[in-house]
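Numbering-wise (our numbering), the sequence shown opens with residue 4 and increments by one. The beta carbon of each residue, even a glycine, is placed where N, CA and C say it ideally should be.
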Amino acid sequence: RYNSHNQTGLLYLEACYKSGKAELEEKIRLSLHKDLEQQQQYYNYIRDSRPEFYGGFERSEAPINEIMLEVLSLIEKKYAPQVQTKTTTEGPTTITNSLKPDSGQKIDNGGLKIDSGKKPN
């Protein structure tokens, strides 16, 4: 209950990292990822498809699972930053402003141009 097997797994994973057991730490890390992500998919499915059953998970199992995914990510960040998933961006990271400068005229609600009151230089 309350995902205690994965709580123990997280402790064991950190112990493996601290002791340098590379082969064992990778097996445990992958197993924890798989189990926690499958549980997250299950909770999301219940929430979206069978909301009448989600109430039992809403304040217990689901948030605990979310927290453990965060803890796993923090452990990986500390001991194995090379396995962190890279965030992807859609499109360029720099936003280019392609708008033309304001003409100085305003348009009223009827679509008529109104002088902005600015005097030419």
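Inclusion of Gln-43 and Asn-68 in the CB contact set at 8 angstroms is warranted, their separation being smaller than that value. Ala-25 counts as exposed, since fewer than 16 other beta carbons sit within 10 angstroms of its beta carbon. Non-local C-beta neighbours of Leu-16 in its own chain, meaning closer than 7 angstroms and more than five positions away in sequence, comprise Glu-28, Ile-31, Arg-32, Leu-35, Ile-78, ordered along the chain. Measuring C-alpha to C-alpha distances from Asp-38 to each of Pro-66, His-8, Lys-21, Leu-14 identifies His-8 as the nearest. Leu-13 is a Cβ neighbour of Val-74, given a cutoff of 8 angstroms. Remark: C-beta atoms of Ala-65 and Tyr-82 do not approach each other more closely than 8 angstroms.
Residue environment for Ile-70: exposed (fewer than 16 other C-beta atoms within 10 angstroms of its C-beta).
In its chain, beyond the 5 residues on either side, Ile-49, Arg-50 have a beta carbon closer than 7 angstroms to the beta carbon of Tyr-57. Non-local beta-carbon contacts of Ser-76 in its own chain, meaning distances under 8 angstroms to residues more than five positions away in sequence, involve Gln-87 in chain order.
The three-state secondary structure of Ala-83, taken from DSSP, is coil. Counting only residues of its own chain and dropping the five nearest sequence neighbours on each side, Ser-63 has a CB closer than 8 angstroms to the CB of Tyr-5.
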